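K.L.:
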Amino acid sequence: MPKVEHAPYKDGDCFVNYENKVFEDVKAQPGEKALITFHTVANEGSVGFVNLLQATRLIRKGFETSVLLYGPGVTLGVQRGFPRLGDEAFPGHMNCNKQITKILEEGGKVYACRFALQALYGYGEQNLIPGITPINPQDVLDIILLARRDNAFILNTWTL
143 MPKVEHAPYK
153 DGDCFVNYEN
163 KVFEDVKAQP
173 GEKALITFHT
183 VANEGSVGFV
193 NLLQATRLIR
203 KGFETSVLLY
213 GPGVTLGVQR
223 GFPRLGDEAF
233 PGHMNCNKQI
243 TKILEEGGKV
253 YACRFALQAL
263 YGYGEQNLIP
273 GITPINPQDV
283 LDIILLARRD
293 NAFILNTWTL
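First residue of the sequence shown? That's 143 in my numbering, and the numbers climb one at a time after it.
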């Protein structure tokens, strides 16, 4: 049997050099914008949460940041909790809700498609996290076109 000849790792040890940053820390120029779109189901994978973290980071870098929830993406913006709204049933259960609230608190804008809310998922506007702006389904394309016209950074989040 091979013999292990090094001490086991312990809390506080590092496996990688996380302090070595390769690229410059880019900050927004005055007036620069960002749009992050979400066509993904809440809690079905990490991409929704990870790109909500990216939206928060873009705000902190100085970008005027908007988040678009459409199709299944509107499920990211509905109020959650169990047994009551706002209660976290298990650690991480409310990650997306908390991150959207943080985006709104830090000056980001969040929009949700009314068609997807009602026709696809059976939610009303009252189900949205406070501060999310419901929009007409025809606004979904227009917010993307406006971002394009403004030369905004656009990050599209899709899952199937």
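From the three backbone atoms N, C-alpha and C, an ideal C-beta is built for every residue, glycine too.
Computed from a predicted structure; not experimentally measured.
Express the C-alpha separation of N193 and F205 in angstroms, rounding to a whole number.
P.N.:
Spanning the two alpha carbons is a distance of roughly 15 Å.
K.L.:
Three-state secondary structure (DSSP) at V252?
P.N.:
Strand at V252.
K.L.:
Specify the secondary structure class of N159 as computed by DSSP and reduced to three states.
P.N.:
Coil, per DSSP.
K.L.:
How close, in whole Å, do the beta carbons of T198 and I245 come, if the pair is a contact with beta carbons under 8 Å?
P.N.:
Indeed, because the Cβ distance is near 6 Å, the residues count as touching under 8 Å.
K.L.:
Excluding the 5 residues preceding and the 5 following F257 in the sequence, name in chain order all residues of the same chain whose CB lies nearer than 6 Å to its CB.
P.N.:
Counting only Cβ-Cβ distances below 6 Å, and skipping sequence neighbours, we find P279.
K.L.:
Contact defined as beta carbons within less than 8 Å: I believe L297 pairs with I178. What is the distance between those atoms, to the nearest angstrom?
P.N.:
About 5 Å separates the two Cβ atoms, so the contact holds.
K.L.:
With distances taken from CA atoms, which of Y265, A184, Q268, T207 is nearest E247?
P.N.:
Here the closest residue by C-alpha is T207.
K.L.:
Just to confirm, is the Cβ distance from C238 to G190 under 8 Å?
P.N.:
In this structure, G190 lies closer than 8 Å to C238 by Cβ.
K.L.:
Hey, E347 and T301 are a contact pair by Cβ (cut 8 Å); roughly how many whole angstroms apart?
P.N.:
In the structure as shown, the chain begins at 143 and stops at 302. Residue 347 is therefore absent and cannot be evaluated.
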